[in-house]
Amino acid sequence: MRAAILSFMPRLLAPVIILLLSIPAHAAHPPAAAIASAHPLATDAGMEILNAGGNAFDAAVAVTGALAVVAPMSCGLGGGGFWLLHRAKDNFETMIDGRETAPQAARNNMYLDEQGNVVPNLSLDGPLSAAIPGTPAALVHLAKKYGRLPLARSLAPAIRLAHDGFATDEFYRRVAEFRLTALANAPGLLEQGKPPQPGFVLRQPDLAAVLISLAKQGTAGFYHGEVASKLVDGVRHAGGIWTLNDLANYKIIERTPLRGEYHGTRITSAPPPSSGGVALMSMLNILSGYPLTTLDASTQTHLLIEAMRRAYRDRAEYLGDPGFVSVPVKQLLHPFYAAGLRASIRLDRATPSSALPTEIPVQQGPDTTHFSILDRDGNRVAATVTVNYAFGSAFIPPGTGVLLNDEMDDFSAKPGAPNAYGLVGAEANAIAPGKRPLSSMTPTFLENQRGVAILGTPGGSRIISMVLLATLEFARGGNAANMVALPRLHHQFVPDQVFYEADALNPGQRAMLEKRGHRLEQTADRFGDMQAIVWERDTGVNAASDPRGRGAARVQNPP
Ligand code: DON
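Take any residue in the sequence shown, count from 1 to its spot, add 2: that is its number in the working numbering.
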C-alpha cells in the first residue's frame, strides 16, 4: 500500500514541480517604473514620490491620498480598500485589508422597518450607511512598514491638492448631478449647491487639515483626538451610530493573498473578505479543463458565461468576512470541485440559473477605483479602493472634509431580500458588529514566462468577470492596452442574463448564444475602469488606463 502511494506521489507532484520551475520569480529589475491610475493628478502624485526616492509602496500612499482628494466619488479617507503588495527583494507578498468594519451598534436588522422590509436608501445615504473607515490606517501601515519615505512626504501631494484645489471635470459634474440630492449633506463637494462646472477649482481645506493631522500623528491623527471627535459628533448628530471606541478599535489586517494557476500563468489575488480572488480562481479552474483557444468564439463565450454563473453562485452563497464565518476557500478552489462544476456544463445549452441550487443576486454600483504601480526595483502594488456607491454616503461630518463611505450596503441587509441594488446575500454576509462587508474588489498580479501583470478595476460585482477576461487576455499574449480595452461581457448568476458591451459580441455570436438559451442584454454604457501594467521580459514595461475612463498611465524610463 505504502509503496503504491509512493509510486503515485511523483506523478502527483510532477505537474506542481514543473509549474514552479516554469513560472519565473522575475527577480531582475524592470527597465522602467510605471503607474496607472484613474486620475492624471493621482498618477502625477505617485510619480512625484517615485522621483523623490520613494518606492512603489510610498507611491501607493501618494496615489491613494491624491485620489481621496480628486476622486471623492470613488474613494477617500472615509472609505476602505485592498492593497496587494509584492516586495521584490524577498518576493514577499501580502494584502493590506483596509476594509471598513460595521460599528459596534450595528445590528443585522438595522435597515429593516417594523414589518421586516428593507427601508430604501438607509444603507446608501447618510451616516447610518457608513462603516468605520480603513483607508487612513492602511496608509499609515503602508508607509511605516513598507515605505522608504515618511508618511508626511508621501501625503504631501494630496495635502497640496486639497489645500490649493484641483480643476473638476465633466465626469465629476455628471456623477455629482447623479447624486445631487444626497450631496446636500456634503456642500463642500459642490459649487454653490450645484454640480461644479468643468474647470471649477474645488478646494477642500478641512480635508487638507485632516490629511495633515494623519501625516503628523499617524493613526492617532484620525482615529483618536480632535478628528475622531469631530467625525463621531457629526455622525451621531445626523442620526448615525459611530462611537469613539469604534474608531479607536479599527485595525487593518495583513492577509496572505490567494494563489492559483491557469495554463502556466500564476495568479495572485485578493482573499476574503473579498470574493474576488476566490471567484476569479474558481472561474479559471473551471475553464482550465477546456482547450479554450481551440474552440470557436461563441463556444468560448458560452463557457465563460457558464463559469461565471457557477462562481458567482458560490460567491453569493458561501462568502463573507472570514473573521466571522468560515469560508470554505480550500474546497471551493479544489480541482475536483471545479471538475464537478464542469460536469454540469453542457456545450450546447445554457444552464438556467434556477436549475442551480439557490437564487442570490449580487450587487453592482457606479464607483470605486483601482491603481497599479511598478517601481524600478520590481516592487508592485495593485490596489482597489472605494467609498462604495458614487460619493459614498454623500455625508461629510462637519468640519472634517471626510466624505464617509456607504460600505454597509455591501452587507446583505436581510438574508434573502434584495437591497437597493437588488442585492441579496446569504447569512455569511449578514451584518454583525465589527464585521467586514463582503467585497468584489480584485487587485491582482499575473506572472508567466512572458512577464508580470498588475491589474484591477472598479465595477461592483462586474469587477471579477472583468479581471477574468483580462487574465485570459494576458495568458494569450495581450499587453496592458489590450487588457484594459477588451470588450466586456458579464454574467453574475442572478439575474440570469448576459450583460455585454456593444462590441463584445458580433451578430453571429449573439445568435449562437441565444440558440443555446442565453438571455443577452447590451449595456447602455461601457463599464469598468481598468488600470494595468505589464512588465514583459523581452520588450520592457507597458501600462494602460481604461479608454472608458479619464485616467492616466505613465511609464517612466530612467533618464
Ligand atoms: O467592495 C465592493 O465590492 C464594492 N463596494 C465595490 C463597488 C464598486 O466597485 C462600484 N463601482 N463601480
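The beta-carbon is built from N, C-alpha and C at its ideal position, and this holds for glycine as well.
Setting aside the 5 residues that flank it on each side, serine 467 is surrounded in the same chain by Met310 and His492, each with a C-beta closer than 6 Å to its C-beta; the list follows chain order. Rounded to the nearest whole angstrom, the CA to CA distance from histidine 520 to proline 152 is 54 Å. When secondary structure is reduced to three states using DSSP, threonine 96 falls in the strand class.
Leaving aside the five residues that flank tyrosine 225 on each side, the residues in its chain whose CB is nearer than 8 Å to its CB run, in chain order, Pro138, Ala139, Leu249, Ala250 and Tyr252. As computed with DSSP, glutamine 558 is found in a beta bridge with Ala35. When secondary structure is reduced to three states using DSSP, histidine 143 falls in the helix class. Secondary structure note for phenylalanine 476: its alpha helix (DSSP H) is the uninterrupted segment 464–477. In the structure shown, glutamate 449 falls within a strand segment according to DSSP collapsed to helix, strand and coil.
Taking all protein chains shown into account, leucine 349 has fewer than 16 neighbouring C-beta atoms within 10 Å of its C-beta and is therefore exposed. If you check the CB distance, alanine 35 and valine 486 do not come in under 9 Å. Just measuring C-alpha positions, the residue of Met285, Asp316 and Glu319 sitting nearest threonine 303 is Met285. Straight-line measurement puts the Cα of tryptophan 244 at about 48 Å from the Cα of glycine 266. Under the three-state reduction of DSSP, lysine 437 is assigned to coil, being neither helix nor strand. In this structure, the alpha-carbon of glycine 401 lies about 29 Å from that of tryptophan 85.
For arginine 175, the secondary structure class from DSSP, reduced to helix, strand or coil, is helix.
When distances are taken from the beta-carbon of isoleucine 288 to the heavy atoms of the ligand DON, even the shortest one reaches 8 Å or more. In the pairwise beta carbon analysis, the segment 315–329 is classified as not touching the segment 367–379: fewer than three pairs are separated by under 8 Å. DSSP, read as helix, strand or coil, puts valine 389 in coil. Ranked by how close their Cα comes to the Cα of arginine 205, the residues Pro159, Leu163, Ala47 and Ala145 have Leu163 in first place. Per the coordinates, the alpha-carbon of proline 324 lies some 22 Å from the alpha-carbon of phenylalanine 94.
In the DSSP annotation of this structure, the continuous segment of the alpha helix (DSSP H) that includes isoleucine 161 starts and ends at 153–166. Per DSSP, the continuous beta strand (DSSP E) segment holding tyrosine 502 begins and ends at 500–502. Taking C-alpha positions only, aspartate 379 is separated from threonine 45 by approximately 18 Å.
Sequence-distant partners of glycine 436 (beyond 5 residues in either direction) whose C-beta falls short of 7 Å from its own C-beta, in its chain, are Thr103, Ala104 and Gln106. As DSSP reads the structure, glutamine 533 sits in a beta bridge with Ser547.
Pairing serine 300 with arginine 464, the inter-Cα distance amounts to about 20 Å. The ligand DON has no heavy atom closer than 8 Å to the beta-carbon of serine 374.
The beta carbons of alanine 145 and aspartate 60 sit closer together than 9 Å. Assigned with DSSP and collapsed to three states, threonine 245 falls in coil, not helix or strand.
The nearest non-hydrogen atom of the ligand DON is less than 8 Å from the C-beta of methionine 443. Using a 10 angstroms sphere on the CB of aspartate 411, the tally of other CB atoms reaches 16 or more, which defines it as buried. Membership of arginine 378 in any alpha helix (DSSP H) is not indicated, and neither H nor E is assigned to it by DSSP. In this structure, the C-beta of tyrosine 391 approaches the ligand DON to less than 8 Å from one of its heavy atoms.
With a contact defined as Cβ atoms closer than 8 Å, valine 383 and alanine 62 qualify at about 4 Å.
In this structure, the beta-carbon distance from phenylalanine 393 to aspartate 369 falls below 9 Å.
Isoleucine 269 is bridged by DSSP to Gly262 and Leu448.
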